[in-house]
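Quick note, the sequences are listed as chains D and Z, same order.
For the record, in the first sequence the residue sitting at position 553 is 660 according to my numbering, with numbers rising by one throughout.
For the record, in the second sequence the residue sitting at position 376 is 543 according to my numbering, with numbers rising by one throughout.
Glycine included, every Cβ here is placed at the ideal spot set by N, Cα and C.
Everything below concerns the one structure shown next.
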Amino acid sequence: MTSLLIKNGFVFDPLNGVKGEKMDIAIENGKIVEKINEREAKIIDASGMIVMPGGVDIHSHIAGAKVNSGRLLRPEDHFKDVEPKTPITRSGVGYSIPSTFTTGYRYARMGYTTVMDPAMPPLKARHTHEEFNDTPIIDKAAYPLLGDCWFVLEYLKKNRIEECAAYVAWMLKATKGYAIKIVNPGGLEAWGFGRNVRNIDDPVPNFGITPREIIRGLCKVNKLLNLPHTIHVHTNNLGKPGNYINTLETMRCVEDLVENGKPAIHITHCQFSAFAGDDWRTFDSGAEAIAKYVNAHSHVTLDMGQIIFTETTTMTADGPFQFILYELSGNKWVNSDVETETSAGIVPFQYKRKSFVHAMQWSIAMELALLIQDPWKIFLTTDHPNAGPFTHYPRVISWLISRKAREKILERINRKAQRKSLVPTIDREYSLYEIAVITRAGQSKALGLKNKGHLGVGADADIAIYNLNPETLDLAQKPKTVRKAFERAAYTIKDGNITVKNGEVVSTPSGRTFWVNVEAPQAEIEISKKLQQKFGEYYTVKYENYPVPEHYLAIPASINVKAEVQ
Amino acid sequence: MRVVSNVTCPVCGSLCDDIELIVENNHVTKVRNACAVGEAKFLAFADPKHRRVKPLIRKNGELVEASLDEAIRRTAKILAEASYPLLYGWSCTSTEAIRVGLELAEEVGGVADNTSTVCHGPSILSIQNVGFSSCTLGQIRHRADLVIYWGCNPWSAHPRHLERYTTFTEGRFQKSIWIRYLTKLRALIGKKKAQRAAELASPRKEVISKPERTFSLPPTLTAKQRKMIVVDVRKTRSAEIADYFLQVKPNMDYELLQALRMLVFDRELDLDEVAGIPIELLEEVTDVMVGCRFGILFFGLGLTMSSAKVRNIDAGISLVRDLNKKTKFTIMPMRGHFNVTGANVAFTWQTGYPYAVDFSQGFPQYNPGETSAVDILARGDSDAALIVASDPVAHFPKRAVKNLVENPLIVIDPQVTPTSLMADIVIPSAFVGIEAEGTAYRMDRVPLPLKKVVEPPATCLPDEVILQRILKEVRKLKGGKAA
Ligand code: SF4
Ligand SMILES: [Zn+2]
């Protein structure tokens, strides 16, 4: 079927300024169109329901080497959560690190249609793409980890921004990547010898460059290349008391590079980087200071990294941070360093209501979301699976929409955290419009995905319909109803296909893999000549075998941009 | 004549990707850069002695040639009708084929298991118990000043491991005078070859004096260069070039590892020796381990298959983990078949589990010891088997083999093996990495492309394609959705 008409829903389409008006959405050949012949279209009656663009997730670890090591490490995580095969779907397992098919289905069930994996080790890019090919329904993309690549460190050390830009363009092409990911800049290189950097101005051992210089350098590169997203930064010192100061410094360090107030940096899973206090005993929230800064500046976007009280699996490229987490928790630990590029660590973890620190972390993420006024600057994530599995997003939505829901959580958390938390003092309750911003419109805007996150003519027909009636229901009083509605979309439409109906998967088309193709031919040729010379020295694989060819992607979708380097 | 460079060698887990092949008339005639094992594979894979190119079906006790269509139809019928089929092998094919194999196993409600079940299975169980600290091989080249090989002999099993990734390499932070030594050695060998060639060419067979030079290591080598420790039950070639060789008594690896763990934490050991090794030597080795900048412990089947198995690896991983409190230390299993790692990787992303995956309940279940191939066969539970690129008849215990061959047995393999000789249906396939492309994972889980350098015989399709056709046929039989 090629045309669809969604009738009478309450439409929330923030990018087009639609705030819950009752209207029809017409779809033809996978795109949203002005009008269709009603008699030939399949009609979806959405009366009494809300209609939003398909959900967009800017940061969720769903595929690749690290995620898969997490799956391998944790059979006990899978035993209790299985997905049986159906005539339409493949079988799989959850819980915190679902198998690939299950990942696709579970996102689709929640009305999500685009998900970004934020940590692809370039050398293992093929692995990420192989898993993407087995992750159905949703569109995907991956951010290569570039903040500790030797080539980057060396170019930036010599202040060769243009060459660095050409290199990054080459890397995006080679890895079929989407954005520049920076994790604990310099710290991962130091971790190669079991060390770390202490703050944004602590020089990287053996390289004589500071994290500040890496962040600024790559921010300039990002601009030169006109990349659709900003640099995507996991700060230094993540997960350590007092780190909010370093986070403020990180946001400040690119202030002078901002043009026309456009975003220049994304601080990811900000909760983990908004810790105050000197140690775990005096641990406190730094959210207020960060929110204040973000409210006063336009060049920053954040995502929450909301804690969920559950057992999950932490996994980041931040090797030294994961080691600390292993020492703190005593849980089993995986470390996986990647030559010339990056590292990774995995530790199973349980967030407990009664733990002072964990309860504070819950509060910090809530404070960030509630104190930052502009929803276009902060996005809903749990840094899946680090702060909790993505399947808990509907719960987070219910907390944001309902003070009552937050109070219920607060009642049950650690006493000391209860007293310290700012959450009880905040009345703000998100509207559905704001929810649509932080779960799709804002994220797609920050990602520069022109055809996603909105329902304007020409957009991809990725649509979520939830069984919630804002006219008859006082949402703030019914958080559980809200959660249930967002957990099981009434319909999820992907490229014009109905993929989910009443929370059940009914069809499983493959999704695209986006990658950014920077056009800078001359610079690229020159850089590849230089790379070729050094490559054998730096890597144990051949230069020719490193790039992932486009045909490797099940449905490649390149986003072409013109760079300012020639 | 055609030169194909940067070919990945589809033989061992080192997955060297710098092989250069000369191809003439669809034959590989010359191999550069590979070790003897790799070279032999490229030159001799098509040898008709080890290969049949037509599908075979057993009729009245005899394997007779059949069409591919018939072989596939029959295979599909057997699998679709079986109540608990076993789909085993997977370590010598591409991840692309493995993905289809898993879908097939799920479709027929069978068990998918790969060869790690009989090699590094204990290592995997151990990782699931305690985790592990690892890295890619380049990290070792650049950083490791201490390399330990425990229960493995890279010199013969992974011949280029030392020269490409560890002891003989040079990296950013780890210079090597081995390099110079090796270059000299190569030059000498080259000279010898040239001499021999000259001898052969010269009409008068003059005796050219050949000074028999044995190379002893330069004394500085042992001083501050990258150190190498070998732990094994016997003195192997690898042990001969090591700085320390610890000859552990058979089946006493666990005791030795635990002793080292004690010593790492500065505990006194009131013993003269452990596992046959004097305590003074152990203390010295411990100092080397604690004192290094970056250490790596490679372990092989000598450790996983000696008596304590999982406990051994637990202890090994724990030793490495403990060492991380003092310095940087990593550990890695030496994987044998070129894509056994890829089998674990693909199994895991599709099902959550690395091997021994049972789909009989409609979802993946994992319980090695129960859902693993050998155990299923030993219990006599399976009623049909599909073997892909593997030879269980030669490697499984007798009781398991008996059950395997008593039930319908289908083999997809490019070469003739003891298993294929016992099969009821044989579908010869293209050699992946030579006649078909795909992806394989190196022992450090770095994915590499496998190349197609020559055309396969017309009747030999890639594993992936054969499996897809079987799957399609199975679905037709079951009347479910078409593939
Ligand atoms: S070491 Fe292994 S992969 Fe490398 S050439 Fe020899 S057999 Fe092939
Ligand atoms: Zn993350």
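(message) With a threshold of 9 Å between beta-carbons, can Tyr533 of chain Z be considered close to chain D, or not?
(response) Yes, because at least one Cβ of chain D sits closer than 9 Å to the Cβ of Tyr533 of chain Z.
(message) Report the CB separation of Asp439 of chain Z from Pro445 of chain Z in whole angstroms; it is logged as a contact under 8 Å.
(response) About 7 Å separates the two Cβ atoms, so the contact holds.
(request) Starting from the Cα of Lys449 of chain D, find the closest Cα among D:Arg213, D:Trp469, D:Arg460 and D:Thr423 and give me that residue. (result) Here the sequence assigns Thr to residue 449 of chain D, which means Lys is not the residue at that position. Nearest option by C-alpha distance: D:Thr423.
(request) Go to Ser665 of chain D, then tell me how far its beta strand (DSSP E) extends in each direction, as first and last residue. (result) Looking at the DSSP string, the run of the beta strand (DSSP E) that includes Ser665 of chain D is Pro663 to Lys669.
(request) For Phe379 of chain D, decide whether its Cβ has a neighbour in chain Z, counting only Cβ atoms nearer than 9 Å. (result) Proximity of Phe379 of chain D to chain Z, defined by a Cβ-Cβ separation below 9 Å, is not satisfied.
(request) Would you list the one or two residues that DSSP bridges to Ile134 of chain D? (result) Paired residue(s): D:Leu111 and D:Ile139.
(request) Would you please verify whether the beta carbon of Trp257 of chain Z is less than 9 Å from any beta carbon of chain D? (result) Taking Cβ atoms only, chain D never reaches closer than 9 Å to Trp257 of chain Z, which makes this a no.
(request) Please confirm whether Ser474 of chain Z and Tyr421 of chain Z have their CB atoms less than 9 Å apart. (result) Yes; because the gap between Cβ atoms is below 9 Å, this pair is in contact.
(request) Using a Cβ cut-off of 8 Å, pull out every chain D residue sitting near Ile294 of chain Z, in sequence order please. (result) Listed along chain D, the residues sitting closer than 8 Å to Ile294 of chain Z by beta-carbon distance are Leu179, Leu180 and Val441.
(message) Please state the DSSP three-state secondary structure of Cys179 of chain Z.
(response) Looking at Cys179 of chain Z - three-state DSSP - the assignment turns out to be strand.
(request) Give every residue whose Cβ lies closer than 7 Å to any heavy atom of ligand 2, listed in chain order. (result) This selection yields D:His166, D:His168, D:Pro225, D:Ala226, D:His341, D:Thr375, D:His376, D:Thr423, D:Asp490 and D:Asn493.
(request) Using 10 angstroms around the beta-carbon of Ile375 of chain Z, count the other beta-carbons present and answer buried if the total reaches 16, otherwise exposed. (result) For Ile375 of chain Z, the pLDDT reaches just 38, beneath the cut-off of 50, and the residue's location in the model is therefore unreliable, although a value from the coordinates is still provided. Exposed, since its Cβ has fewer than 16 Cβ neighbours within 10 Å.
(request) Have a look at Gly495 of chain D and Phe379 of chain D and give me their C-alpha separation to the nearest angstrom. (result) Spanning the alpha carbons of Gly495 of chain D and Phe379 of chain D requires a straight line of approximately 13 Å.
(message) Quick check: does the Cβ of Asn175 of chain D come within less than 8 Å of any heavy atom belonging to ligand 1?
(response) Taking 8 Å as the cut-off, the C-beta of Asn175 of chain D does not count as close to any heavy atom of ligand 1.
(request) Apply the 10 Å Cβ neighbour rule to Thr109 of chain D and answer buried if 16 or more other Cβ atoms are within range, or exposed otherwise. (result) Under a 10 Å Cβ-count criterion, Thr109 of chain D is classified as exposed, with fewer than 16 other Cβ atoms of the shown protein chains found around its own Cβ.
(message) Using C-beta distances below 6 Å, list every residue in its chain close to Ala661 of chain D, excluding the 5 sequence neighbours before and after it, in chain order.
(response) Excluding sequence neighbours, Ala661 of chain D sits near Asn240 and Ser617.
(message) Going residue by residue through the segment 345 to 412 of chain D, where are the continuous alpha helix (DSSP H) segments of at least 4 residues, counting only ones entirely within it?
(response) The qualifying runs are 351 to 359 and 394 to 403.
(request) Report the three-state DSSP secondary structure of Lys557 of chain D (helix, strand or coil). (result) Assigned with DSSP and collapsed to three states, Lys557 of chain D falls in coil, not helix or strand.
(request) On a CA-only basis, which of Z:Lys619, Z:Pro623, Z:Phe526 and Z:Val632 is nearest Val189 of chain D? Give me that one, please. (result) Answer by Cα proximity: Z:Phe526.
(message) Need the endpoints of the beta strand (DSSP E) that His339 of chain D sits in, please.
(response) Element bounds for His339 of chain D: Ile338 to His341.
(message) Among the candidates Z:Glu451, Z:Gln414, Z:Ile408 and Z:Val415, whose CA atom is the shortest distance from the CA of Leu430 of chain Z?
(response) The residue with the shortest Cα to Cα distance from Leu430 of chain Z is Z:Glu451.
(request) Measure from the C-beta of Gly211 of chain D to each C-beta in chain Z and report whether the shortest distance is under 9 Å. (result) By this cut-off, Gly211 of chain D is not an interface position.
(message) Residues of chain Z with CB closer than 7 Å to the CB of Phe258 of chain D, please, in chain order.
(response) Within 7 Å of the CB of Phe258 of chain D, no CB atom of chain Z is found; the nearest one sits about 12 Å away.
(message) Quick check: the Cα distance between Leu188 of chain Z and Val572 of chain Z, rounded to an integer number of angstroms?
(response) Distance from the CA of Leu188 of chain Z to the CA of Val572 of chain Z, rounded to the nearest whole angstrom, comes to 39 Å.
(request) Could you run through the segment 229 to 246 of chain D and flag, in chain order, every residue whose CB is less than 7 Å away from some CB of chain Z? (result) So the close ones are Leu230, Lys231, Arg233, His234, Glu237, Glu238 and Asp241.
(request) Return the bridge partner residues of Leu253 of chain Z from the DSSP annotation. (result) DSSP output for Leu253 of chain Z lists Z:Val278 and Z:Ala552 as bridge partner(s).
(message) Which of the three DSSP states is assigned to Gly284 of chain D in this structure?
(response) Reduced to three states, the DSSP call for Gly284 of chain D is coil.
(request) Inspect the beta-carbon positions of Lys608 of chain D and Tyr598 of chain D and report whether they are closer than 9 Å. (result) Yes, Cβ-Cβ distance for Lys608 of chain D and Tyr598 of chain D is below 9 Å.
(message) Counting only beta-carbon separations shorter than 9 Å, does Pro623 of chain Z have a partner in chain D?
(response) Chain D contact via Cβ: absent.
(request) Could you check the C-alpha separation between Met467 of chain D and Tyr500 of chain D for me, to the nearest Å? (result) For Met467 of chain D and Tyr500 of chain D, the distance between alpha carbons rounds to 19 Å.
(message) Against chain Z, does Thr498 of chain D count as a neighbour if the rule is that its beta carbon must be under 9 Å from one of theirs?
(response) Not one chain Z Cβ lies under 9 Å of Thr498 of chain D.
(message) Short of 6 Å in beta carbon distance, which residues of its chain neighbour Leu230 of chain Z, apart from the five on each side in sequence? Order them along the chain.
(response) Hits under 6 Å: Leu223.
(request) Confirm, please, whether the CB-CB distance from Thr420 of chain D to Ile64 of chain D is below 9 Å. (result) Outside the displayed span of chain D (108 to 673) sits residue 64 of chain D, for which this structure offers no information.
(request) Identify, in the order they occur along the chain, each residue of the same chain with its Cβ nearer than 7 Å to the Cβ of Gly315 of chain D, setting aside the five sequence neighbours on each side. (result) Beyond the five residues adjoining it in sequence on each side, Gly315 of chain D comes within less than 7 Å, by CB distance, of Lys264 in the same chain, given in chain order.
(message) So that I know if they touch, is there some Cβ in chain D lying closer than 9 Å to that of Glu270 of chain Z?
(response) Answer yes: the Cβ-Cβ gap between Glu270 of chain Z and chain D drops below 9 Å somewhere.
(message) I need the boundaries of the alpha helix (DSSP H) containing Tyr421 of chain Z, first residue and last residue.
(response) Tyr421 of chain Z: member of the alpha helix (DSSP H) spanning Asp420 to Val431, first to last residue.
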